[in-house]
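A short write-up of the structure that comes next.
2 protein chains.
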Amino acid sequence: MLKRYLLAACTAFMLLGTAAAQSTEPVDLDMVSRIRQEAFHHSQVMQTLGELTEGIGPRLTNSPAMDKANAWARGKFEGWGLANVHDEAFEDFGRGWEFSQASVEMLAPRALPLFALPKAWTPGTDGPVEGEAIAVAFKTKADLEKYAGKLRGRIVFLDELRAYKPGTEADFQRHDEASLEDLQEFAVPADRRDDRARRIKEYRERQDLAQAVRRFLVEQGALAAISISDRDNGIVRATGGGSRKAGEAVGVPELGMIAEHYNQVMRALEEGQSVRLRLQADSRFTTAEDRAGYNTLAEIPGSGPRANEVVMLGAHMDSWHTATGAADNGAGVAVMMEAMRILKAVGARPRRTIRVALWSGEEQGLVGSGDYVAQHLAAYPQPSDPAQKDLPSFLRENRGALQRKPAYDRFSAYFNLDNGSGRIRGIYAQENLAAMPIFEAWLKPFADVGATVVVSRNTGSTDHISFDRVGLPGFQFVQDRLDYSTNVHHTNLDTYDHVSPEDMKQAAAIVASVVYHAAMREQKLPRKALPAQ
Amino acid sequence: MLKRYLLAACTAFMLLGTAAAQSTEPVDLDMVSRIRQEAFHHSQVMQTLGELTEGIGPRLTNSPAMDKANAWARGKFEGWGLANVHDEAFEDFGRGWEFSQASVEMLAPRALPLFALPKAWTPGTDGPVEGEAIAVAFKTKADLEKYAGKLRGRIVFLDELRAYKPGTEADFQRHDEASLEDLQEFAVPADRRDDRARRIKEYRERQDLAQAVRRFLVEQGALAAISISDRDNGIVRATGGGSRKAGEAVGVPELGMIAEHYNQVMRALEEGQSVRLRLQADSRFTTAEDRAGYNTLAEIPGSGPRANEVVMLGAHMDSWHTATGAADNGAGVAVMMEAMRILKAVGARPRRTIRVALWSGEEQGLVGSGDYVAQHLAAYPQPSDPAQKDLPSFLRENRGALQRKPAYDRFSAYFNLDNGSGRIRGIYAQENLAAMPIFEAWLKPFADVGATVVVSRNTGSTDHISFDRVGLPGFQFVQDRLDYSTNVHHTNLDTYDHVSPEDMKQAAAIVASVVYHAAMREQKLPRKALPAQ
Chain A
0 MLKRYLLAAC TAFMLLGTAA AQSTEPVDLD MVSRIRQEAF HHSQVMQTLG ELTEGIGPRL
60 TNSPAMDKAN AWARGKFEGW GLANVHDEAF EDFGRGWEFS QASVEMLAPR ALPLFALPKA
120 WTPGTDGPVE GEAIAVAFKT KADLEKYAGK LRGRIVFLDE LRAYKPGTEA DFQRHDEASL
180 EDLQEFAVPA DRRDDRARRI KEYRERQDLA QAVRRFLVEQ GALAAISISD RDNGIVRATG
240 GGSRKAGEAV GVPELGMIAE HYNQVMRALE EGQSVRLRLQ ADSRFTTAED RAGYNTLAEI
300 PGSGPRANEV VMLGAHMDSW HTATGAADNG AGVAVMMEAM RILKAVGARP RRTIRVALWS
360 GEEQGLVGSG DYVAQHLAAY PQPSDPAQKD LPSFLRENRG ALQRKPAYDR FSAYFNLDNG
420 SGRIRGIYAQ ENLAAMPIFE AWLKPFADVG ATVVVSRNTG STDHISFDRV GLPGFQFVQD
480 RLDYSTNVHH TNLDTYDHVS PEDMKQAAAI VASVVYHAAM REQKLPRKAL PAQ
Chain B
0 MLKRYLLAAC TAFMLLGTAA AQSTEPVDLD MVSRIRQEAF HHSQVMQTLG ELTEGIGPRL
60 TNSPAMDKAN AWARGKFEGW GLANVHDEAF EDFGRGWEFS QASVEMLAPR ALPLFALPKA
120 WTPGTDGPVE GEAIAVAFKT KADLEKYAGK LRGRIVFLDE LRAYKPGTEA DFQRHDEASL
180 EDLQEFAVPA DRRDDRARRI KEYRERQDLA QAVRRFLVEQ GALAAISISD RDNGIVRATG
240 GGSRKAGEAV GVPELGMIAE HYNQVMRALE EGQSVRLRLQ ADSRFTTAED RAGYNTLAEI
300 PGSGPRANEV VMLGAHMDSW HTATGAADNG AGVAVMMEAM RILKAVGARP RRTIRVALWS
360 GEEQGLVGSG DYVAQHLAAY PQPSDPAQKD LPSFLRENRG ALQRKPAYDR FSAYFNLDNG
420 SGRIRGIYAQ ENLAAMPIFE AWLKPFADVG ATVVVSRNTG STDHISFDRV GLPGFQFVQD
480 RLDYSTNVHH TNLDTYDHVS PEDMKQAAAI VASVVYHAAM REQKLPRKAL PAQ
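Chains A and B are the protein sequences, given in the same order. Here numbering that gives the first Met the number 0 is used: the first residue of the first sequence is 0, the next is one more, and so on. Here numbering that gives the first Met the number 0 is used: the first residue of the second sequence is 0, the next is one more, and so on.
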């Protein structure tokens with residue numbers, strides 16, 4: 000195995016060396032050195048993360064805590080002397096929601112505390128409620144009528160029992176040379192034209208069933224609903240339920256329960272036992288009407304002829320509500336904020352304007368960044384077909400010509416961080432092959448802290464896609480996974496303790512250096528061809 | 000690596016082959032076959048485990064649920080036609096205790112539900128209480144006075160913050176040939192005479208400090224105390240606190256909190272923030288006075304001249320209280336019960352009497368099995384020195400001659416299962432070298448289900464030690480670890496879902512066959528020399 004690692008390492012270094020030599024991309028090693036000194040030896044990144052995650056707490060989009068986070072971020076940016084610090088609204092996102100406490104307790108056949116947490120945008124219980132558990136199987140709308148008249152005063156268990164899946168790999172993983180090498184492979188995409196139609200159909204059926212279930216549970220007088228966490232080992236993964244949109248059915252109070260307890264209730268029900276529960280969810284909508292959400296932005300202004308060109312960096316500040324959103328994505332926010340602080344601290348005077356954005360609404364479909372791009376950079380025409388209009392942006396077919404704003408041509412690139420708190424091991428070039436030798440040159444001074452790969456492949460599911468979708472260079476870094484997907488992603492364990500300070504310092508240095516070089520470079524970053532329309 | 004596995008496998012098989020050939024130990028393959036058929040194809044072991052763990056729940060020694068478990072086990076044994084089904088008391092164990100629900104909630108500086116569960120034998124709160132958190136450092140009794148006058152109405156955080164330790168190995172592990180081979184090595188013991196004196200001193204200091212802290216917290220009017228779970232990833236490990244003995248100080252309500260939440264409170268306190276908590280623990284002592292604990296026993300009587308000789312098998316039925324005691328040790332209980340059921344089902348007519356014991360008080364120091372051995376088999380004289388008398392049995396020096404009961408000479412061997420729910424991979428011979436070829440012969444028909452090793456080394460920490468200590472053959476099987484030490488041991492995750500049905504069936508077959516062969520063999524099992532006195 001050792002031999003393979005060595006070979007892979009050699010190949011990686013050879014590639015870097017060759018590409019950099021070919022590109023003659025300039026790197027300001029004096030500035031890199033100053034950035035590293037500030038990032039590694041005078042870091043504030045964990046202080047920033049602590050204030051955001053433990054001072055403010057979870058930051059569900061449009062919650063009061065998210066408003067606090069916007070105000071706090073503006074304060075930090077102003078304190079560091081950034082310019083043009085402000086929030087920007089994206090309209091009609093939905094209602095605010097928050098929760099403070101929840102408890103579920105089995106009263107019969109025997110006393111047992113059960114661990115569950117509320118789903119966002121579901122109502123609270125207004126004090127404790129008590130009722131018998133009932134298991135249902137709502138696979139299609141036709142299933143609902145089987146339960147008519149059976150749910151009044153009951154607590155409804157929505158999912159099937161799920162067997163424990165032993166954890167046969169370590170929770171915590173870092174890339175090794177072999178896994179980094181694997182990332183170099185690009186999978187030629189399968190034809191997905193038919194796939195889109197199928198996905199739209201499935202999406203509509205799912206939405207339709209979910210709404211019918213919410214209405215049915217309310218009509219039938221169910222007290223609450225419980226679903227099973229999709230993690231084992233006592234981890235709660237409970238994201239959104241109900242509806243965030245004013246006027247839509249929010250259903251009954253719904254909680255996600257750990258598998259170990261959910262299964263126990265289900266086995267008792269299968270044996271025909273009467274399972275009595277007491278349940279309380281101190282959850283509440285904080286606005287009756289839909290309201291705007293807010294991104295927070297700030298700049299280090301450029302100077303000279305390229306001052307009206309822009310390099311952006313960003314991360315989403317909104318989080319799910321069951322923990323403090325530390326890895327997803329307090330970490331990304333703290334690193335991007337720290338990168339701006341470092342650039343100010345080292346006295347960077349960029350040619351292009353460097354603009355940082357802390358997005359909201361990411362968890363609900365890149366809403367904040369998508370709206371920003373549409374307002375400032377470019378957008379496809381809104382579909383006139385109401386059925387298309389209802390679809391989330393990732394399912395819509397973009398029909399018509401892209402409508403570009405003046406800033407579109409002055410935009411260089413956007414850099415994002417949102418794959419947990421693991422250190423940067425490289426960057427996804429998002430099929431922008433012309434950008435690869437540039438990135439290779441920029442990352443070379445960080446090979447000694449583990450950032451070694453530039454890969455052609457795409458990565459998705461976060462805010463750089465809002466830029467990529469309209470043909471603008473938008474990138475997400477390759478990061479060490481740590482325990483992101485195993486323990487913390489969207490779970491009650493996404494807390495400060497699971498974040499590694501050394502990784503955060505490393506990431507802040509690299510981001511600061513990359514955006515600095517993007518702001519200083521002779522040309523804007525090259526663009527790839529627009530996606531087929 | 001493959002080569003090493005193959006070599007190890009070959010060595011293991013050669014050892015087995017040679018030893019078995021030398022011993023000419025008879026194996027009744029027809030009976031083994033019948034036992035396997037019943038164990039693998041007509042198993043009731045998971046039904047038994049379900050009734051015990053989910054029907055009855057956690058079984059803290061002397062709790063009402065432990066009484067239910069004793070009664071349930073008697074009913075199962077009687078239903079299977081076992082003889083001499085009865086409970087045996089061990090005196091003055093302590094008080095009963097149970098809890099039904101607990102909650103902790105941060106009210107300020109912001110709302111946050113905190114996850115914690117009560118320690119056994121600590122009092123409840125009699126409804127919710129509210130107070131400010133305070134961190135203390137009680138390293139010695141001298142530290143207490145620093146906090147005089149500062150704890151009234153406060154919730155006391157007893158431990159230091161502990162950094163997250165990434166899980167770099169898989170939670171779930173099975174033995175491979177390499178790890179089984181490692182078990183073949185015997186570590187020649189270091190001289191521990193001085194060590195005992197040090198351990199006694201440390202034990203006394205710990206006990207003394209704990210009692211002083213309990214008294215101090217009550218005197219000072221603290222509302223409750225919180226300690227940190229010694230597991231990461233949201234797992235609560237909260238065993239005993241307070242005192243089970245009537246007349247001793249039980250202290251204030253004490254709970255164990257997940258590290259992710261404990262650390263968060265500690266960081267807020269370190270920053271000088273005022274942290275206000277609401278806490279409720281619905282815990283209660285179920286007896287005012289010390290009461291007896293109970294082991295449950297049953298037999299398949301022998302017949303013929305060896306009928307008054309005994310082979311025993313057992314496992315402890317008591318558990319900790321935060322989960323349902325499935326791996327520790329519902330699994331051992333269900334397997335031992337199933338082994339007895341299988342022997343009845345296949346019509347076994349043993350020469351020696353086969354006696355099963357389901358112990359209580361194991362978690363508090365092998366109390367039930369220790370008392371049983373002292374009453375029926377042998378004991379060292381009770382120390383006259385009151386200081387020695389106060390020590391738990393594992394720290395006492397046995398002075399004076401072992402006092403043997405008549406049954407001592409008629410006792411063959413005791414077999415125990417208590418290392419989680421993992422399948423049997425072999426047996427610890429506990430330095431009884433003469434027993435090794437016998438075990439090798441008995442395990443050979445189970446090599447195809449993974450039971451391949453007989454190792455000379457000792458293993459401790461469970462009830463076979465009560466027999467071993469008085470020179471009687473007492474054995475614990477080598478088991479696959481699964482997620483015993485990582486997730487479930489003494490934690491809130493020790494539930495039915497973490498138990499593998501296939502492993503349970505395998506173990507029941509092997510135990511049934513081993514005890515059957517022990518009961519049928521010409522001679523009792525050989526004994527090793529008595530431990531030095």
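Quick reminder that beta carbons are idealized off the backbone N, C-alpha and C, glycines included.
Sequence-distant partners of B:A38 (beyond 5 residues in either direction) whose C-beta falls short of 6 Å from its own C-beta, in its chain, are I341, K504, A507, A508. Between B:G123 and B:P304 a beta carbon distance of about 57 Å is seen, past the 8 Å cut, so the two are scored as non-contacting. Taking a contact as a CB-CB distance under 8 Å, the pair B:A428 and B:V469 does not count as one, their CB atoms being some 18 Å apart.
Residue environment analysis places A:R213 among the buried positions, since at least 16 neighbouring C-beta atoms fall within 10 angstroms of its C-beta.
Here B:I341 carries a helix assignment [DSSP, helix/strand/coil]. With distances taken between CA atoms, A:V264 lies nearest to B:G56 out of B:N457, B:G56, B:L401.
Annotation: A:D370 is outside any beta strand (DSSP E); the continuous alpha helix (DSSP H) that includes it extends over 366-375. With a cut-off of 8 Å on Cβ pairs, the segment 190-208 of chain A is not in contact with the segment 190-197 of chain B, counting fewer than three such pairs. Take A:V498, set aside five residues on each side of it, and the residues of its chain with a beta-carbon closer than 7 Å to its own are L48, A325, A326, A330, S420, in chain order. Assigned with DSSP and collapsed to three states, A:S178 falls in helix. The three-state reading of DSSP puts B:R197 in helix, counting H, G and I together. Residues of chain B with a Cβ closer than 7 Å to the Cβ of A:Y163 are, in chain order, D496, H497. In the three-state reduction of the DSSP assignment, A:Q522 falls in the coil class.
For B:I464, the enclosing alpha helix (DSSP H) starts and ends at 463-467. Within chain A, not a single residue places a beta-carbon under 9 Å from that of B:I154; the smallest gap is close to 16 Å.
Of the other Cβ atoms in all chains shown, fewer than 16 fall within 10 Å of the Cβ of A:V187; this residue is therefore exposed. Contact check for B:R277 against B:E131 fails: the beta carbons are separated by 8 Å or more.
From the beta-carbon of A:A406, no residue of chain B is found nearer than 7 Å; the closest lies around 38 Å away.
Within the segment 228-241 of chain A, those residues whose Cβ lies closer than 9 Å to any Cβ of chain B are, in chain order, D231, N232, G233, I234, V235. Distance between B:A177 and B:D370, taken at the CA atoms: about 39 Å. Under the DSSP definition of a beta bridge, A:F474 partners with A:F414.
Excluding five sequence positions before and after B:A434, the CB atoms of its chain that fall closer than 7 Å to its own CB belong to A428, P472, L524, P525, given in chain order. The residue among A:I437, A:D193, A:G425, A:A64 with its C-alpha nearest the C-alpha of A:F445 is A:G425.
According to DSSP, B:Y293 shares a beta bridge with B:A88. Contact annotation for B:G56 against chain A: R109, L111 [CB-CB distance below 7 Å, chain order].
With contact defined as three or more Cβ pairs closer than 8 Å, the segment 76-92 of chain A and the segment 92-101 of chain B are not in contact. Taking a C-beta cut-off of 9 Å against chain A, the contacting residues of the segment 470-481 of chain B are L481, listed in chain order.
In this structure A:T321 is buried. Its beta-carbon is surrounded by 16 or more other beta-carbon atoms within 10 angstroms.
Segment contact: the segment 361-376 of chain B against the segment 387-404 of chain B, three or more CB-CB distances shorter than 8 Å; contact assigned. For B:V44, there is no enclosing beta strand (DSSP E); the residue is found in the alpha helix (DSSP H) stretching over 44-49. Among the residues of the segment 269-281 of chain A, none has a Cβ less than 7 Å away from any Cβ of chain B. For A:E259, the uninterrupted alpha helix (DSSP H) segment begins and ends at 258-269. The three-state reading of DSSP puts A:N397 in coil, since its state is none of H, G, I, E or B. Looking from the CA of B:A224, the closest CA among B:D207, B:F137, B:R192 belongs to B:F137.
Closest in alpha carbon position to B:N328, among B:R520, B:G95, B:F476, B:D417, is B:D417.
Interface with chain B (8 Å Cβ-Cβ cutoff): A:L150 is excluded.
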